[in-house]
Every structure is written in structure tokens, then in C-alpha cells.
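Accompanying notes for the structure given below.
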Amino acid sequence: MYFVQVEVGGNTSIPGGPVQFVPASISAPKGTVVTFRFSGVIAGNHTVTQSSFDKPCQLLDGGFDSGFIYVPSNITYGFPEWNLTITDDTKPIWYYCKQLVHLPHCTAAGMVGFSYRAINAPTSGSETFAAFQQAAKNSTGIPGQQEGTLKG
Ligand SMILES: [Cu+2]
């Protein structure tokens, strides 16, 4: 069994800033447990929500959704975690954050990520992380959700 950790929410001192998944693309064959650790700028409130390549900022029908996971402003350890076990690795798994406070994380900041079964995620062709993130930023008219507050 493999384990992969993704930090949810970055910070202002790294490329991509405080509203992103780090790393944004992972290799996770079937059986992998992906631990999303909500360790970015606090207070934080993000989600890990499955979408599709074609609609990067919309919940995929029947897709997974962590729901909003709030990170209090006063903690320095014990950050909340949410685990996702990869049960089907035959296609890439695309996901995003549906938070709209204080900016739409998906459309404005491109807070998206994906999981690919191969050791190396594709860096060319049509379905790359870069193409997915650009499609997210190009999305308009997304209903989205808004919950809580977010620093940063
Ligand atoms: Cu977010």
C-alpha cells in the first residue's frame, strides 16, 4: 500500500501562494491512501471536491467531497486530515476546492489538483495539470459554495 500526503493551502512564501494543493499533481496507483492535510495559512477552510477535466470547478456526479474542513487560527500542530483511498486508477482523478471566501479558490486562484496512476503524471498532451488549472481559471458562472472565513 502506498501513502501520499497533500498539503491543503500553501503560504505566501512559496510559488502559487496560500490557495493551492501542494503538490498539485500526485501519482497514486489503486490502493493508495492519499492524506490531505489542511496545513496552509490559518485560519483556513478548504475542501477536496472531485470534478472532471471538462468542468474543473463543479462537483462530479457521484464524486467525492470532503466538505469544508475548518482549521482554527490558533493551532500549530494536529492539523485536520482527510483521507482518500484510490479505488479506481484507470483514469486521472481531478479535484478542486469549492471555497468562495475571500475569493473563489478554484476559478480565481486555480486551486485544483489531480491524481494519476503512473509514476509520472503527463506533462504533455491535452490532459495535463497545467491545462486543467487553466481551464479552472477560465471557468465562469460557477455556483460554488461559500462557508466560513479564510485568512490570507
Ligand atoms: Cu480552498
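Each residue of the sequence shown is one higher than the last, beginning at 0 in numbering that gives the first Met the number 0.
For each residue, glycine too, the CB sits at the ideal point set by N, CA and C.
Using a 10 Å radius around the Cβ and a threshold of 16 neighbouring Cβ atoms, would you call residue i buried or exposed?
{"i": "Ser123", "result": "exposed"}
{"i": "His45", "result": "buried"}
{"i": "Ala108", "result": "buried"}
{"i": "Ser12", "result": "exposed"}
{"i": "Ala135", "result": "buried"}
{"i": "Ser72", "result": "exposed"}
{"i": "Ile118", "result": "Low local confidence applies: a pLDDT of 49 at Ile118 is under 50, so the model's placement there is unreliable, with the coordinate-based value given in what follows. Exposed, because fewer than 16 other Cβ atoms sit within 10 Å of the Cβ of Ile118."}
Classify residue i as helix, strand or coil using the three-state DSSP reduction.
{"i": "Gln132", "result": "helix"}
{"i": "Asn44", "result": "strand"}
{"i": "Asn73", "result": "coil"}
{"i": "Asn137", "result": "helix"}
{"i": "Met112", "result": "One detail in the question is off: residue 112 reads as Gly in this sequence, not Met. Reduced to three states, the DSSP call for Gly112 is strand."}
Could you pull the start and end residues of the beta strand (DSSP E) that residue i belongs to?
{"i": "Val5", "result": "2–7"}
{"i": "Thr34", "result": "32–36"}
Subject >> Three-pair Cβ contact test at 8 Å for the region 57–70 versus the region 14–31 >> reply: no
Subject >> At least three beta-carbon pairs within less than 8 Å, the region 82–89 to the region 97–113 >> reply: The region 82–89 is not in contact with the region 97–113.
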